[in-house]
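Heads up, the thing below is written out as structure tokens.
There are 2 protein chains.
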Amino acid sequence: MELTERKKKVLRGVVDLYIRTAEPVGSKAIAELPDMNFSSATIRNEMADLTAMGYLEQPHTSAGRIPSAAGYRLYVDELMADYRLSMDETRSINSAIEEKMARVDKMVEKVAKLVSQATNLPAISAASRAGGATVKRFDLILAGQGSFILVLLLSTDEVVNKLIKLPLNITETDLKLLAAVCNATLTGLTPDDITPELLDKIMTSAGTSASLVPVIVEFTNDTLRHHGSTNMVVTGQQRLLGLPEYRDVDKAMTVMTSLDEDSLSGLPAVMMNENGTKVLVGPENVAQELKDSSVVMTKFDIGDGLQGMIGVVGPTRMDYAKVTARLSYFAESLSKLFAKPEQAKLPEATEEKQ
Amino acid sequence: MELTERKKKVLRGVVDLYIRTAEPVGSKAIAELPDMNFSSATIRNEMADLTAMGYLEQPHTSAGRIPSAAGYRLYVDELMADYRLSMDETRSINSAIEEKMARVDKMVEKVAKLVSQATNLPAISAASRAGGATVKRFDLILAGQGSFILVLLLSTDEVVNKLIKLPLNITETDLKLLAAVCNATLTGLTPDDITPELLDKIMTSAGTSASLVPVIVEFTNDTLRHHGSTNMVVTGQQRLLGLPEYRDVDKAMTVMTSLDEDSLSGLPAVMMNENGTKVLVGPENVAQELKDSSVVMTKFDIGDGLQGMIGVVGPTRMDYAKVTARLSYFAESLSKLFAKPEQAKLPEATEEKQ
DNA sequence: TTTTAGCACTCAACGTCCCTGAGTGCTAAG
DNA sequence: CTTAGCACTCAGGGACGTTGAGTGCTAAAA
Chain A
1 MELTERKKKV
11 LRGVVDLYIR
21 TAEPVGSKAI
31 AELPDMNFSS
41 ATIRNEMADL
51 TAMGYLEQPH
61 TSAGRIPSAA
71 GYRLYVDELM
81 ADYRLSMDET
91 RSINSAIEEK
101 MARVDKMVEK
111 VAKLVSQATN
121 LPAISAASRA
131 GGATVKRFDL
141 ILAGQGSFIL
151 VLLLSTDEVV
161 NKLIKLPLNI
171 TETDLKLLAA
181 VCNATLTGLT
191 PDDITPELLD
201 KIMTSAGTSA
211 SLVPVIVEFT
221 NDTLRHHGST
231 NMVVTGQQRL
241 LGLPEYRDVD
251 KAMTVMTSLD
261 EDSLSGLPAV
271 MMNENGTKVL
281 VGPENVAQEL
291 KDSSVVMTKF
301 DIGDGLQGMI
311 GVVGPTRMDY
321 AKVTARLSYF
331 AESLSKLFAK
341 PEQAKLPEAT
351 EEKQ
Chain B
1001 MELTERKKKV
1011 LRGVVDLYIR
1021 TAEPVGSKAI
1031 AELPDMNFSS
1041 ATIRNEMADL
1051 TAMGYLEQPH
1061 TSAGRIPSAA
1071 GYRLYVDELM
1081 ADYRLSMDET
1091 RSINSAIEEK
1101 MARVDKMVEK
1111 VAKLVSQATN
1121 LPAISAASRA
1131 GGATVKRFDL
1141 ILAGQGSFIL
1151 VLLLSTDEVV
1161 NKLIKLPLNI
1171 TETDLKLLAA
1181 VCNATLTGLT
1191 PDDITPELLD
1201 KIMTSAGTSA
1211 SLVPVIVEFT
1221 NDTLRHHGST
1231 NMVVTGQQRL
1241 LGLPEYRDVD
1251 KAMTVMTSLD
1261 EDSLSGLPAV
1271 MMNENGTKVL
1281 VGPENVAQEL
1291 KDSSVVMTKF
1301 DIGDGLQGMI
1311 GVVGPTRMDY
1321 AKVTARLSYF
1331 AESLSKLFAK
1341 PEQAKLPEAT
1351 EEKQ
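Chains as they are written, first to last, in this note's numbering: chain A, 1 to 354; chain B, 1001 to 1354.
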């Protein structure tokens, strides 16, 4: 059977209405739509066809139709109208974003809250490193009797440090030597490059302070390995409860539990390989618990080799047009915010803190 | 009217049963309790008295009794039996805790999840600094053309750093001088001590690199000011939905919203001034939204001048004995964990990362 | 051939009514 | 002071009928 223009129009009408009302949509309601110059009987035939084609479903014989997952998919891909953000919306998003987002982890939390608020849905926000880093430079600073600070300057221009206390006496000369050795041998290496043999070699060249080498190497390894780790926040889960499809507490709990757990931890990774805004409708979700829910997500640039990701989870009946519009706008604004050199008074500074 | 021993026994019975069943408790059920050698009629009289005294309530005339807030209060303070953790419980808590808790913020998140799991209730976890910190030592490391790393060693032995890039040429000598000036003038100061006049004085003594001073001072101020800030996580909210009192979706949403928002941000502060485990029953909660819920919380030591706090939120009908027992054990174990010098291979090291 | 009016049919949702049973308070006897 | 007995209350749940939105099909109209 062919998907005529009229069928598409009917389908769009059904999805639009169902998104608004959460009630099965009948032929009469569609017939009464403006621009729909046919009687309910005609619509009825079209709807029967659409049902046969798998785009609509019927909860029971004497009820209206609701979109199937395939119906939503078609809607998202082809039918939905562009949603244009109102001035009010852009303004409120902007003013929310403009607040200072100091530390990355606080930023992730903040963004999640904002997105959740803007969409009235649970939101996910995450930040992760683009790729593996290496150490560009080692520094060792004496910090009093038997303690020194290890400072790593990474290839991403981040700085990481650790205060190390030892039951040993360390001299400035020891540290200078050690730093030189490390800089000579360990810079530019990934954790995998650091073999036990290499470690041995370094320890012999370190001479008297050989015992410090393992501590330094261990911390370096640790830092590089955990470097790509994702920072993720989920918030606003309770917003689901306001929606009719989650009045069924068990259903709500299932979805919320899957949000709370680490089952979502795959999402940011999925997103990183995609471009633009991605919509996962119902069963397209990998997680079984989300088979009746949809996910909309998009990514943005943070700078400093960081990638951000925001997304929301909601009923398959969510207002895709509005949600994708808001999410995209959010992502755009955030990218811009981080791209523009912070209007520091004098210098341009990259922050890396605690 | 006097609160006789028998009345207390009846009250304890009612609370215990109600905690187990979430159903109003009738006189017959109490009469059938072991150790309760009276007929239901007698119990009925006692229950009528307890109702008059405000310890019990009656949902409607032909229903059993449920404890009032005052009833719970009395129960928590005097009546409840000590709950002894089983070997299984202590073992599972221990093994959960033993996992490495690297960074403080990750630790807070982890602990929240564990507590929520152990109690099957939403949990709050927070960490915050005990008091203000000062800078013990400044270091400036040249990191290539026009950029250097500022390293602050704080009085708490934490290390904080920032990579600063400037459109200027900086020499090693400049930095040495600057570091000396900062160490001479800024160490041991709180943000409030740093007046504009002092800033002026430092800038003049800094000579050619005067323009760097404001950047350094700003970052220092920022660091010290944000030092005491609390790090808080709430998790497991969906667990409420499993409890009969929150089958009413609206009620659940109210409570969960108040958990999600920053209305809880006062709690950690409240706790810091208390000792031991604190129970807030229903209306004793400041937040109006929690008037039908209870909060149990306790604190623990993290070391490095950090204080931790864990708590759970649940229905007033929660199993106070079990929850307080588990929470206290958690707190104890965590304190121990952080107190014991990490069994590092060679040295004893304090970690401060990223 | 396509559209539409008409009609019989279906069925969830809702309200009404009644019954059941748990639990109560009171009274009078033990 | 305790308890057996009894009349009373009332939420919860099942049975039943009504309502109305929506359907599919057919036959006439365009």
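A virtual CB, placed ideally from N, CA and C, is assigned to each residue, including glycine. Because the structure is a prediction, the values reported are computed rather than measured.
> Taking the Cβ atom as the reference point for each residue, do L1264(B) and A1287(B) lie within a distance shorter than 9 Å?
Replying inline: yes
> Cβ atoms of P1191(B) and T1230(B): under 9 Å apart, would you say?
Replying inline: no
> Can you find at least 3 beta carbon pairs, one from the segment 137–144 of chain A and one from the segment 1138–1151 of chain B, that sit closer than 8 Å?
Replying inline: yes
>> Would you say the beta carbon of G13(A) is closer than 8 Å to some non-hydrogen atom of the ligand PLP?
In response: Looking for the ligand PLP in the displayed structure turns up nothing, as the structure carries no ligands at all.
> Residues of chain B with CB under 8 Å from I302(A), in chain order?
Replying inline: Result: empty, since nearest Cβ-Cβ is about 15 Å, beyond 8 Å.
> Taking the alpha carbon of G1188(B) as the point to measure from, which residue in Q1117(B), L1152(B), E1172(B) has its own alpha carbon closest?
Replying inline: L1152(B)
> Count the other CB atoms within 10 Å of the CB of A81(A); is the residue buried (16 or more) or exposed (fewer)?
Replying inline: exposed
> Does the pairing of the segment 1004–1011 of chain B with the segment 1074–1091 of chain B give three or more beta-carbon distances under 8 Å?
Replying inline: yes
> Going along chain B, which residues have a C-beta under 9 Å from V281(A)?
Replying inline: Simply none; closest approach about 23 Å.
>> Looking at M1(A): is its Cβ nearer than 9 Å to the Cβ of M53(A)?
In response: yes
>> Could you tell me the alpha carbon to alpha carbon distance between R247(A) and K1165(B), rounded to whole angstroms?
In response: 54 Å
> Is the CB of G1308(B) under 9 Å away from at least one CB in chain A?
Replying inline: no
> Does V1025(B) get closer than 9 Å to chain A when you measure Cβ to Cβ?
Replying inline: no
> Applying the criterion that 16 or more other CB atoms from any shown protein chain within 10 Å of the CB defines a buried residue, is S27(A) buried or exposed?
Replying inline: buried
> Per DSSP, K162(A) forms a beta bridge with which residues?
Replying inline: L150(A)
> So does the segment 1229–1245 of chain B actually touch the segment 1198–1210 of chain B, counting three or more Cβ pairs closer than 8 Å?
Replying inline: no
>> Between V108(A) and V233(A), how many whole angstroms is the CB-CB distance? I'm expecting something under 8 Å.
In response: 5 Å
>> Taking 7 Å as the limit between beta carbons, can you name the residues of its chain near F1148(B), skipping five residues before and five after?
In response: L1140, I1141, L1142, I1164, I1170, L1175
> Around the Cβ of T1173(B), are there at least 16 other Cβ atoms within 10 angstroms (buried) or fewer (exposed)?
Replying inline: exposed
> Quick one: any contact between the segment 266–276 of chain A and the segment 205–222 of chain A, if contact means 3 or more CB pairs under 8 Å?
Replying inline: no
> Between the segment 1120–1137 of chain B and the segment 121–134 of chain A, do three or more beta carbon pairs fall short of 8 Å?
Replying inline: no
>> For a test of the three-state rule: what should DSSP assign to A325(A), helix, strand or coil?
In response: helix
> Who pairs with E57(A) in a beta bridge, going by DSSP?
Replying inline: I66(A)
>> Quick check for students: name the residue ranges of the alpha helix (DSSP H) that lie wholly in the segment 1205–1238 of chain B, counting only runs of 4 or more.
In response: 1213–1225
> Using the beta-carbon count (16 or more within 10 Å), is L1334(B) buried or exposed?
Replying inline: buried
> Is R162(A) buried or exposed, if buried means 16 or more other CB atoms sit within 10 Å of its CB?
Replying inline: Per the sequence shown, the amino acid found at residue 162(A) is Lys instead of Arg. K162(A) is buried by the Cβ-count criterion.
> Mind checking R20(A): buried by the 16 CB within 10 Å criterion, or exposed?
Replying inline: exposed
>> Please report whether the beta-carbon of T1171(B) lies at a distance below 9 Å from any beta-carbon of chain A.
In response: no
>> Using a Cβ-Cβ distance cut-off of 9 Å, determine whether K292(A) contacts chain B.
In response: The question names Lys, yet the displayed sequence has Asp at residue 292(A). No - not a single Cβ of chain B is within 9 Å of the one on D292(A).
> M309(A) by DSSP, collapsed to three states: which one?
Replying inline: strand
>> For P1202(B), would you say it is in contact with chain A, using Cβ-to-Cβ distances shorter than 9 Å as the test?
In response: As written in the sequence, residue 1202(B) is Ile, which differs from the Pro given in the question. Closer than 9 Å: no.
> Can you round the beta-carbon distance between V1312(B) and A1123(B) to whole angstroms, since I take them to be within the 8 Å contact cut?
Replying inline: 5 Å
> Using Cβ-Cβ distances below 7 Å, what residues of the segment 238–262 of chain A are close to chain B?
Replying inline: Q238, L241, G242, R247, V249, A252, M253, M256, T257, D260
> Shorter than 9 Å from the beta carbon of D174(A) to some beta carbon of chain B?
Replying inline: no
> Smallest Cα separation from T61(A): which of S68(A), A48(A), P167(A)?
Replying inline: A48(A)
> Does the Cβ-Cβ distance between V255(A) and S293(A) come in under 9 Å?
Replying inline: yes
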